[in-house]
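Have a look at the structure below, then the notes.
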Amino acid sequence: MHYIWGSLMLLICLYIFISALVQSKFIIYKLLYAKAHLLWKDHAHTFLAVVGFIIIALSSLFFLGIWN
Numbered sequence: 001m002h003y004i005w006g007s008l009m010l011l012i013c014l015y016i017f018i019s020a021l022v023q024s025k026f027i028i029y030k031l032l033y034a035k036a037h038l039l040w041k042d043h044a045h046t047f048l049a050v051v052g053f054i055i056i057a058l059s060s061l062f063f064l065g066i067w068n
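Numbered per my numbering, the sequence shown spans residues 1 to 68.
As structure tokens, this is what we get:
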């Protein structure tokens, strides 16, 4: 079961990380950006990239069974 959830978390956060780096105009990312922009203003893309990277690292630990 770790493989399924770890892979799913990895894919979702990889999407967030890549979208933040290229400042995507896709509707799902625009919704995430709008919520982050309320608090982080001009740094919302950076915030989403950092959060995406952190959750990628945590999901890798979850995938390997190190962090339950």
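Note that the Cβ used here is the ideal one computed from N, Cα and C, for glycine as well.
Rounded C-alpha distance that separates residue i from residue j
i: G65; j: I54; result: 17 angstroms
i: V50; j: A20; result: 9 angstroms
i: L14; j: Y29; result: 12 angstroms
i: L27; j: I16; result: Looking at the sequence shown, residue 27 is not Leu but Ile. Rounded to the nearest angstrom, the two C-alpha atoms are 12 angstroms apart.
i: F62; j: H2; result: 6 angstroms
i: G52; j: A34; result: 16 angstroms
Cβ-Cβ distance between residue i and residue j below 8 angstroms
i: L48; j: A57; result: no
Member of the options whose CA lies at the smallest distance from the CA of residue i
i: H45; options: K25, W5, L10; result: K25
i: L10; options: S59, I18, Q23; result: S59
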